[in-house]
Amino acid sequence: MLQAIFTAFFGLAAIWFAVVVFRTHSMVRSALALLFSQAAIGGMFLAMQTEFLGVLQIMMMATEMAIMTIFMVMYMMDPGGLGAMEMTHQKRASQVAGALGALAALAVAFFTSWGPITPEVRPAQQVHDLGIEIMERSMLIFETAGVTILTVMVAATAIAIMRRDEE
Amino acid sequence: MSAALTVLMLFAGAYLVAVLEGWASTGKLRPVGPISSALALLGRESVVPRQPDRIFFEVAPPLLLVAALLAAAVLPLSPGLIVTDLATGALFVNAALAYVMVALLMAGWGPDGAYAMVGGFRFLGQLIAYSMLIVMPITAVTMRAESLFTTEVVESQAALPNAVYQPVGFVAFFVAAMAVAFLPPLDLPTAPGELAGGVMAEYTGWRLAVMRLSRVVLVVTLAAAVSVFYLGGWLGPALPPWAWSAIKTLLVAVAMLLVGRYVPRLRETHVLEWGWKIGIPLALFNIFYVGVLLLVV
């Protein structure tokens, strides 16, 4: 019961902060609202006893969204939102997409057979199993993704340096 | 029970560290210094700057305190004395410390002041330079413990503390911990004299008191983290476990403050350059070195 209450609380917090992302005019507020929306999802993971996933989500989102803040402040003409810039666009399309998405989520929730509830796995066992999974079956996927991202980072840095030399 | 005791120990440690910080910056040891300056701050008016981002301005000081307290919650004082012994404790320390940066970003942006904003974004700009030196040394520490439980990390050091077993990681983590707590040679977000207080420049009265308290608690938390991950936490002869934790934590805090007393503030470009070009390769080498030690020796 307590678990359900906390899951619902963090879920509602995630939705509320997601709404704030579009309600505000300030880029920094928008980015940090997204941060707290994602951190609330991390809180949901914790409430649902997937400890590693929750802690990882809370940690990664803090750094990622903060880095996004600095880029939004650098590139937007009105980062503080004093010009009351509109944060939404394509309103009709997004309303339709939002309604369809909500219906699909409800349909999945009510019409899918969820099967028997799996027995609770101890957090330490979850960490162990995740490690085995990453180091065995999914190793190639993770390594490929990691090397690809590293390549992109090095390439982007190289491009930035070369452009500066031409000026 | 253990939560209350931990908080009590944390604030007692914060008081001692505040006295020591006063000594490190002025050269005078004044045991009542923190009380008198806290009373002075609480008595003063807390001015709100013009056109602030009010939410960030108000949330930043408590968020800094919450981040420090959450990180302290997974650090054990003695075998039974830990607020919550998470299966992902070592990772949770990182997660909580990430919100120090978020709090400083808010404190920098919130008050609508140039110095504060430079300080906040400066701390964010250094993020990779210091946070990698927190994460990677902890990785090597947990490799040796074969567990993310902070209590098992301490127990893994029964034969030899990690400071001796992996000295490179110890040095990297120690320096990075000083950067997270923005202690003197690395106090770039506040930088008195250069940024006139930076992220703390626009805070006055009780808000500044909360901010300073959070910062001192953060110093204690990070000193406790160094003690748990590298100095064997509660392990030691003769004295009770909690006393060893307290002694080691205080000694680490004193060492941090002493470095700040004798080393001048680093330039931001140097912090970034040394963090990226020396620190990260050394931390990667440390992981490799510990891996070789674990598999071969």
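Protein chains in written order, with this note's numbering: chain A, 1 to 167; chain B, 168 to 464. Using N, Cα and C, we set each Cβ at its ideal position, and we do this for glycine too.
Relative to the C-alpha of residue 212(B), which residue among 420(B), 385(B), 370(B) and 434(B) is closest?
As a first step, residue 212(B) is located in the second sequence; it is residue number 45 there, counting from the start. If we check each option's Cα against that of residue 212(B), 370(B) comes out closest.
Check whether the Cβ of residue 315(B) lies closer than 7 Å to any Cβ atom in chain A.
The count along the second sequence starts at 1 and reaches residue 315(B) at position 148. Proximity of residue 315(B) to chain A, defined by a Cβ-Cβ separation below 7 Å, is satisfied.
Would you kindly report the start and end of the unbroken alpha helix (DSSP H) that includes residue 188(B)?
In the second sequence, the residue the question calls residue 188(B) occupies position 21. 169-193 is the span of the alpha helix (DSSP H), which, as asked, contains residue 188(B).
Using a Cβ cut-off of 8 Å, which residues of the stretch 122-153 of chain A contact any Cβ in chain B, in chain order?
Residues 122, 123, 124, 126 and 127.
How long is the line joining the alpha carbons of residue 137(A) and residue 310(B), rounded to whole angstroms?
Here residue 137(A) is taken as the residue at index 137 of the first sequence, counted from 1. Here residue 310(B) is taken as the residue at index 143 of the second sequence, counted from 1. Taking the straight line from one Cα to the other gives about 21 Å.
Does DSSP put residue 248(B) in a helix, in a strand, or in coil?
Here residue 248(B) is taken as the residue at index 81 of the second sequence, counted from 1. In the structure shown, residue 248(B) falls within a strand segment according to DSSP collapsed to helix, strand and coil.
So for residue 373(B), helix, strand or coil by DSSP?
Counted from its first residue, the second sequence places residue 373(B) at position 206. Note: residue 373(B) maps to helix in three-state DSSP.
For chain B, is any of its Cβ atoms less than 7 Å away from the one on residue 107(A)?
What you label residue 107(A) is simply residue 107 of the first sequence in a count that begins at 1. No - not a single Cβ of chain B is within 7 Å of the one on residue 107(A).
Along the alpha helix (DSSP H) that carries residue 277(B), what are the first and last residues, could you check?
Residue mapping note: residue 277(B) aligns to position 110 of the second sequence, counting from 1. Careful: residue 277(B) lies outside any alpha helix (DSSP H) and carries neither H nor E.
Would you report the Cα separation of residue 26(A) and residue 246(B), rounded to the nearest angstrom?
Your numbering for residue 26(A) matches position 26 in the first sequence. Your numbering for residue 246(B) matches position 79 in the second sequence. Taking the straight line joining both Cα atoms gives about 47 Å.
Short of 9 Å Cβ to Cβ, which residues in the stretch 2-35 of chain A face chain B?
From the stretch 2-35 of chain A, only 26, 28, 29, 32 and 35 have a Cβ closer than 9 Å to chain B.
Taking the straight line between their C-alpha atoms, what separation do you get for residue 318(B) and residue 434(B)?
Here residue 318(B) corresponds to residue number 151 of the second sequence, with the count starting at 1. Here residue 434(B) corresponds to residue number 267 of the second sequence, with the count starting at 1. Using only the alpha carbons, I get a separation of about 37 Å.
From residue 296(B) to residue 61(A), what does the alpha carbon distance come to, in whole angstroms?
Sequence index remark: in the second sequence, residue 296(B) carries index 129 (1-based). Sequence index remark: in the first sequence, residue 61(A) carries index 61 (1-based). Those two C-alpha atoms are separated by around 18 Å.
Note down, in chain order, all residues in the stretch 78-100 of chain A with a beta-carbon under 7 Å from any beta-carbon belonging to chain B.
none
Buried or exposed: where does residue 1(A) fall if 16 or more other Cβ atoms within 10 Å of its Cβ makes it buried?
As a first step, residue 1(A) must be located in the first sequence, where it is residue number 1. Residue 1(A) is exposed by the Cβ-count criterion.
Inspect the beta-carbon positions of residue 334(B) and residue 432(B) and report whether they are closer than 7 Å.
Here residue 334(B) corresponds to residue number 167 of the second sequence, with the count starting at 1. Here residue 432(B) corresponds to residue number 265 of the second sequence, with the count starting at 1. No, Cβ-Cβ distance for residue 334(B) and residue 432(B) is not below 7 Å.
Please list, in chain order, the chain A residues whose beta carbon lies closer than 9 Å to that of residue 303(B).
Here residue 303(B) is taken as the residue at index 136 of the second sequence, counted from 1. Chain A residues near residue 303(B): none, gap ~14 Å exceeds 9 Å.
Could you list which residues in chain A have their beta carbon closer than 7 Å to that of residue 308(B), in chain order?
Translated into the one-based positions of the second sequence, residue 308(B) becomes position 141. Within 7 Å Cβ-Cβ: nothing; residue 308(B) doesn't reach chain A, min ~15 Å.
Under a Cβ-count criterion, where at least 16 other Cβ atoms within 10 Å of its own Cβ denotes burial, should residue 17(A) be classed as buried or exposed?
In the first sequence, residue 17(A) corresponds to position 17, counting from 1. With 16 or more Cβ atoms within 10 Å of its Cβ, residue 17(A) is classed as buried.
At what residue ranges does the stretch 207-241 of chain B contain a whole run of the alpha helix (DSSP H), taking only runs of 4 or more?
Counting only unbroken stretches of 4 or more residues, the alpha helix (DSSP H) elements lying wholly within the stretch 207-241 of chain B are 221-240, in sequence order.
Which whole-angstrom value is the C-beta distance of residue 337(B) and residue 397(B), which I expect to be below 8 Å?
On the second sequence, position 170 is the one that residue 337(B) refers to. On the second sequence, position 230 is the one that residue 397(B) refers to. Rounded, the Cβ-Cβ distance is 5 Å, consistent with contact.
Which value, in whole angstroms, describes the spacing of the CA atoms of residue 180(B) and residue 391(B)?
As a first step, residue 180(B) is located in the second sequence; it is residue number 13 there, counting from the start. As a first step, residue 391(B) is located in the second sequence; it is residue number 224 there, counting from the start. For residue 180(B) and residue 391(B), the distance between alpha carbons rounds to 10 Å.
Assign residue 218(B) to one of two classes, buried (16 or more other C-beta atoms within 10 Å of its C-beta) or exposed (fewer than that).
Residue numbering aside, residue 218(B) sits at position 51 when the second sequence is read from its first letter. Label assigned to residue 218(B): exposed.
Return the chain-ordered list of same chain residues with a C-beta closer than 6 Å to the C-beta of residue 54(A), the five sequence neighbours on each side being excluded.
What you label residue 54(A) is simply residue 54 of the first sequence in a count that begins at 1. Answer for residue 54(A): 42, 45 and 46, listed in chain order.
In terms of alpha-carbon separation, which member of 10(A), 73(A) and 48(A) lies closest to residue 284(B)?
Reading the second sequence from its first residue, position 117 is the one you call residue 284(B). Considering only alpha carbons, the answer is 73(A).
Determine the chain A residues that contact residue 266(B) at a beta-carbon separation under 7 Å, and present them in chain order.
Translated into the one-based positions of the second sequence, residue 266(B) becomes position 99. Near residue 266(B) (Cβ distances below 7 Å), the residues of chain A are 62.
By the 9 Å beta-carbon criterion, what residues does the stretch 208-220 of chain B contribute toward chain A?
218 and 220
Would you say residue 58(A) reaches chain B, if we count a Cβ-Cβ gap shorter than 7 Å as a contact?
One-based indexing of the first sequence puts residue 58(A) at position 58. Yes, residue 58(A) lies at the interface with chain B (some Cβ there is under 7 Å from its Cβ).
Can you pull the chain B residues whose beta carbon is under 9 Å from the beta carbon of residue 66(A), in chain order?
For the purposes of this step, residue 66(A) is identified with residue 66 of the first sequence, where counting begins at 1. Going along chain B in sequence order, the residues near residue 66(A) (Cβ under 9 Å) are 265, 268, 269, 272, 291 and 294.
Is it buried or exposed, residue 34(A), if we count other Cβ atoms within 10 angstroms and call 16 or more buried?
Numbered from its first residue, the first sequence carries residue 34(A) at position 34. Classification of residue 34(A): buried, given that the 10 Å Cβ count is 16 or more.
Could you spell out where the alpha helix (DSSP H) holding residue 441(B) opens and where it closes?
As a working mapping, residue 441(B) is identified with position 274 in the second sequence. First-last of the alpha helix (DSSP H) with residue 441(B): 435-441.
To the nearest angstrom, how far is the alpha carbon of residue 516(B) from that of residue 119(A)?
The structure shown does not extend to residue 516(B), since chain B spans only 168 to 464, so no value can be given for it.
In the DSSP assignment, the alpha helix (DSSP H) including residue 300(B) goes from what residue to what residue?
Here residue 300(B) corresponds to residue number 133 of the second sequence, with the count starting at 1. Run containing residue 300(B): 294-312, per the alpha helix (DSSP H) assignment.
For chain B, is any of its Cβ atoms less than 7 Å away from the one on residue 111(A)?
Taking the first residue of the first sequence as 1, we reach residue 111(A) at position 111. It does not: the Cβ of residue 111(A) has no partner Cβ on chain B nearer than 7 Å.
Mapping DSSP to helix, strand and coil, what is residue 358(B)?
Sequence index remark: in the second sequence, residue 358(B) carries index 191 (1-based). It is coil, neither helix nor strand.
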